[in-house]
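Protein chains in written order, with my numbering: chain F, 36 to 368; chain Y, 2 to 249; chain E, 2 to 291; chain V, 118 to 517.
Cβ atoms here follow ideal geometry from the backbone N, Cα and C, with glycine treated the same way.
Heads up, the thing below is written out as structure tokens.
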Amino acid sequence: MRADAVGGAAPQAVEALARAHRLKPWELAPWLAAIAAYFLFPSYLPLGAQILIAILFTLSIDLILGYAGIVTLGQSAFFGAGAYTAGLLAAHGWGEPISGLAAAAAVAGLLGLASGAVILRTRGLSLLMLTLVIAEMLQEAANKAGDITGGADGLQGMEVWPLLGHFEFGLFGRTAYVYCLVVLFLLWLVARRIVHSPFGRSLTGIRENEARMHAIGSPVFRRRLVIYAFAAALSGIAGALLAETTQFVGLDSLGFERSGSALIMLIIGGVGRLYGPFIGVPLYMVAQDRFAQADPVYWDFWIGLLLIIVVVFARGGLLGLAERLLRRRGRKP
Amino acid sequence: MSAALETRGLCKNFGALAVANAIDFRLERGARHALIGPNGAGKTTFVNLVTGALRPSAGRILIDGGDVTALPQAQRVKRGLARTFQLNTLFRGLSVLENVCLAIGERLGVAGDMHRPAGSRRIVIDEAYAALERLGIADEARRPVRELPYGRQRLVELAVALGLEPKVLLLDEPAAGVPSAESGVIVDIIESLPADIALLIIEHDMDLVFRLARRITVLVQGAVLVEGTPQEIAGDARVREVYLGERA
Amino acid sequence: MSAILAAIVSIAFHGLAYAMVLYLISVGLSVTMGLMGFVNLAHGVFAAAGGFVMTRLMNGYGVPFPLAVAAAFLAVGAGSMVLERLLYRRLYGADELSQVLMSVGLIFMSVAAAKFLWGPLAQPMTPPAYLSGQLDLGFRAFPAYRSFLIVAGAVVVTLLWLGLERTRFGARIRAAVDNRRMAQSIGIDTGRLFTWTFALGSALAALGGALGADILAIDPAYALEHLVYFLIVVAVGGLGSIRGPFFAALLLGIADTGFKYLLPEFGAFFIYALTLAILLWRPQGLFGRV
Amino acid sequence: MTSRFGVVTLAAAIAAALAAASASAETIKVGVILTYSGPAASLGDQIDKGMSLYIKEHGHDLPQGVSLELIRRDDTGLNPATAKRLAQELITRDHVNFLAGLIWSPNALAIAPLSAEAKVPTISSNAAAVNLTRLSPYVARVSFTLWQECLPFGKWAATKGGFKKVYIAVSDFAPGHEAADAFSKGFKDAGGEIVDSVAIPVKDPDFVPYLQRVKDAKPDAVFVFVPSGKQATALMKAYSDLNMKAAGIKIIGSQDMVPDEELPNMGDEPLGVITVGTYSNAATRPANKAYVAAWKREYGDKTPPGFMSVGGWDAMAAIFSAIKATGGHPDPDKVMAALAGWKNPDSPRGEIMIDPETRDIVQHIYIRRVEKVGGHLANIEFETLPMTKDPWKELNPPKN
């Protein structure tokens, strides 16, 4: 590294940074795999659609945790808000799916903006508990407002119209899968753009060293709030996708378990990497699905073991492990 | 003419403990000024008050004649105030070049942009690279900061602050933790800074202070003991007693 | 009027008993998170283990209640030392997220293991005859077991404080909590200190789990179900504090009970709203260091 | 990174291939969706054991050459989205002929529209949401509804029970509200007075503050609905801690409060508690004695059978009879026709029937009291309300 630095480094260092945002061929791999899965495993499409939704949800956590360093256990608040928004619209006569997503994004984003403005002044454990507490309060409110939300029975009577007026959400989940895949792809493009923008770089700066960001004149609070609200909107869209494709919304959409398991999936894949969710979520959900079918009673034991193995052998998630291996290989010759 | 930086009656209490006690201080334009004092004299607290990391209990802070007491840190930076830290405070996981780019991006007001890729603004990267070249660390541009030896990181610390093109620069023990063989580089860089930057150097190392500073303020127990030229300070009996005496 | 007074006394009393259990379990978590910087979400596993050991000894082998509690305390303390050496130690100083992942993995495994060993049902906890029924104090009667809980809790709290204030072990812990680097530099073997502190915290959790089995029933999912409450106590009390969780548990235990009594329709909101308010007012917790 | 993703998909592919290979033509498949993990795992355990026991005892009754395969799936608790996906997969991937199980009403309500769309006969072994059978013509229920239990219980409490003033304390979720509404209507119609009511958050571990309110109001009795398990145990502890028995306040409720499998864990506190229910394992009916004996042979003494297990048993009984009635070719519409009016005089809980109009169960409703029999607590049935229909469906006729 040093050898090449002396002479040709000037262009190299600058060029590398200037090109960091360009799409690399391997970045298309997950998408090709997802398209292939549609044709290879037609009977797994319902699980596939839920995996895609979970990826979107986990991606939203990655943006705030992995890039802005905001630890949260309450992201389900926004997921649930989005799910209920789309669900209530569909139950009251407006079942158009795409505008449902937009409404969900708006509601969840505003909720993120409002709650973020209050809680983002805190850090660490306090912030973690505040996010959790807000989600719990929202869930309790949804339970209390049984007349509107259906309470613990879940929201009944959603009627989602065919997608683009043409494609029914059928039993086999084909429409749902394609719909989720397209939405995820578009939002991934947006997220990717943000991550590589100066704004995204400054978020990384906040994660790496908040004190220094203040000292270089960065409006840290505002930056954190913006990404928090944006991630909330993404979570809301994920929630709306689940509501529309399963035609059902329950209190569990607001539950702490959803936030917790998304966090786990993200850590397995690798935090602070745009592709962590694409590795962690399918791995965890497919493993869970397989374990749960092989051993419906004690599958959690095997999932637990998997987590501990990841921690012991793949600190920084699987992508972190892969990166270390690549670097080691790069050093050897 | 207004001072580059001025504090009037600046106080800070932690409970019953006064860590800053009615500090009146003036940093003239283009000054080479040192702030010294024994351990626990409140030097770093003073820096934190001036930059806005701490809220004062009483008193006012003015930058270029404008009252900034109520402004958050970021706004003060926009008024031309920059600092370095006593302990390296850097983006350790990012490359040296990116560290400097972040500062320059904030200065140019492009850091809030969510649309255009960061890499497409060549002007930021080129400027950052040029800054690294001036400080002699361009060959480390692509390495993550955490892989650099501490002394080299000290230079990045300076480069980030200089990326803000400050009018007032607070240097909190710029050579702390650096082997004496390498500290010369840092001193050379500080000496060669543009004359219109007002420098306030917080320092323990007396050799450094007497080499760099043209005025010295001595802080003891949160209050200004005395201010003067190096010769005056060196000859002051009280300073010898509380400060130099302690060191002997 | 006297009926209202009786209700208030009753609420305060029951809230206090609940608070004692919360404190015993949470104090160890506060210390591991504050002193060792370890986010041990699996802390409730030790509390549950204490309950399982005690109920098994009492129900399965007819071991007397005091012995069963002591056995739970010691067995879980010893078991936690093994886990600390094998697993936790590897992750000291690792990033918080790895710690979260590891401790969640531990919860999952313990839930399945408990289900395998004890079955899915809650474990019955029958206090011994001398702690059952009502305890008549002349002016009014109190449930005997909850009275015992309050007394036992108070005794443990006192012992704990005395131990931390008066013993060398306590002084070392306090030194290490205040400034770990400094403690190391004056020759405190923080590795061993951590092991013992971890074991003590876990054993206390086991004690709380065992004694509190009458209020928080012992079942395989215990560690997961009550995690949020333990975390709230720690966050509100302040990390690394011994006193903080005590006052937090007291506040939350009594206020929670009181507000559920007064406004049952908003019962579940209250503890969250209180937590929200306290953490916004004092983000470092009631007794956390700034 | 590419290859890593590839490994995952490859593993999934192999698993799928294996799953497909294990299916064979003459097997009738029943997808069983229950909670096997998490806090409520004990409920899934009861129902699964009831089902397995029926298959063990009656497996030879199936038509020649027909075999039955249970495909078990864990819905992990109250989790409608997961339950719905599992049902979707059981239907599209495993091509099940029946769906059964279903503990949680929200999960069942989420699945019901699927059963209608895919025409898969679905038997609820527990989920009690009263409108469930209205959502799909392919759903039948062999458990109970809370209206079916609590409305007549309210009537009984105000008349024969001799209670004048009752306080209602129920868990703050849909079944709790249904139980409260049903009891309240029955009780008030028969001249009783409801003093007040309180809804208790489902997650709450401590019932003292709520019961203190009840105590302050000095009713004759408190009517309770809480989920069975430790909630019920915690409620009984709070009842005894507050010394409410001495204050002359009786505790009455639905069978969920004192399920047979939990009674051994509850100490002596529930003695004298009066509940309404559909099944007690202490009942002396021959069919029940045989059931309990078979259970003990199979599973030992550790966990006795409760009403949930009977829901599992009767679901299998219904499925077996439907298979027999359709000669081993369970066409969905023929199955539903066979189930309409299906009677089983030999259920452990006594005679049961599927109402041909509503596909809901018609059964005896028992009033029971907890008593000590041979050193153990037991729910002793002392009054029977014969062949009771779900009253809600009569009170709320279908809108169209």
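Three-way DSSP call (helix, strand, coil) for residue i in this model
i	result
residue 382 of chain V	helix
residue 361 of chain V	coil
residue 503 of chain V	strand
residue 441 of chain V	helix
residue 265 of chain V	helix
residue 159 of chain V	helix
residue 219 of chain E	strand
residue 493 of chain V	strand
residue 59 of chain F	coil
residue 236 of chain Y	helix
residue 483 of chain V	strand
residue 7 of chain Y	strand
residue 39 of chain E	coil
residue 220 of chain V	coil
residue 143 of chain E	strand
residue 197 of chain V	helix
residue 86 of chain Y	coil
residue 234 of chain F	helix
residue 243 of chain V	coil
residue 474 of chain V	coil
residue 103 of chain F	coil
residue 182 of chain F	helix
residue 193 of chain Y	coil
Length of the line joining the Cα atoms of residue i and residue j
i	j	result
residue 114 of chain Y	residue 233 of chain F	6 Å
residue 46 of chain Y	residue 229 of chain Y	21 Å
residue 83 of chain F	residue 76 of chain F	9 Å
residue 220 of chain E	residue 255 of chain F	45 Å
residue 89 of chain Y	residue 83 of chain Y	15 Å
residue 237 of chain Y	residue 67 of chain Y	34 Å
residue 519 of chain V	residue 197 of chain F	With chain V running from 118 to 517 in the structure shown, residue 519 of chain V is simply not present.
residue 114 of chain E	residue 20 of chain Y	56 Å
residue 321 of chain V	residue 248 of chain F	43 Å
residue 129 of chain E	residue 58 of chain Y	59 Å
residue 286 of chain E	residue 190 of chain E	29 Å
residue 98 of chain F	residue 104 of chain F	9 Å
residue 282 of chain F	residue 86 of chain E	49 Å
residue 122 of chain F	residue 175 of chain V	45 Å
residue 347 of chain F	residue 359 of chain F	14 Å
Beta-bridge partners of residue i, as assigned by DSSP
i	result
residue 208 of chain V	In DSSP, residue 208 of chain V forms no bridge with anything.
residue 12 of chain Y	Y:59
residue 282 of chain V	V:310
residue 70 of chain E	Paired residue(s): none; residue 70 of chain E is not in a bridge.
residue 284 of chain F	F:190
residue 522 of chain V	Only positions 118 to 517 of chain V appear in the structure, and residue 522 of chain V is not among them; the question remains open.
The ligand ADP heavy atom lying under 7 Å from the CB of residue i
i	result
residue 296 of chain F	This structure lacks the ligand ADP, and indeed carries no ligand of any kind.
What runs of the beta strand (DSSP E), each 3 residues or longer, lie entirely inside the region 17-43 of chain Y?
-> 18-28 and 33-37
Entirely enclosed beta strand (DSSP E) segments - the region 119-175 of chain Y, minimum 3 residues | 169-173
At a cut of 8 Å, does the region 69-84 of chain E reach the region 199-207 of chain E through at least three beta carbon pairs?
-> yes
Segments of 3+ residues assigned as beta strand (DSSP E) that fall wholly inside the region 378-439 of chain V = 391-394
The region 139-153 of chain F touching the region 303-320 of chain F, judged by at least three CB pairs closer than 8 Å = no
Inter-stretch contact (C-beta, 8 Å, three-pair minimum) for the region 27-44 of chain E and the region 172-187 of chain E = yes
Are the region 201-210 of chain V and the region 178-187 of chain V in contact at 8 Å, needing three or more beta carbon pairs?
-> no
For the 8 Å Cβ check, are there 3 or more pairs between the region 253-271 of chain F and the region 89-97 of chain F?
-> yes
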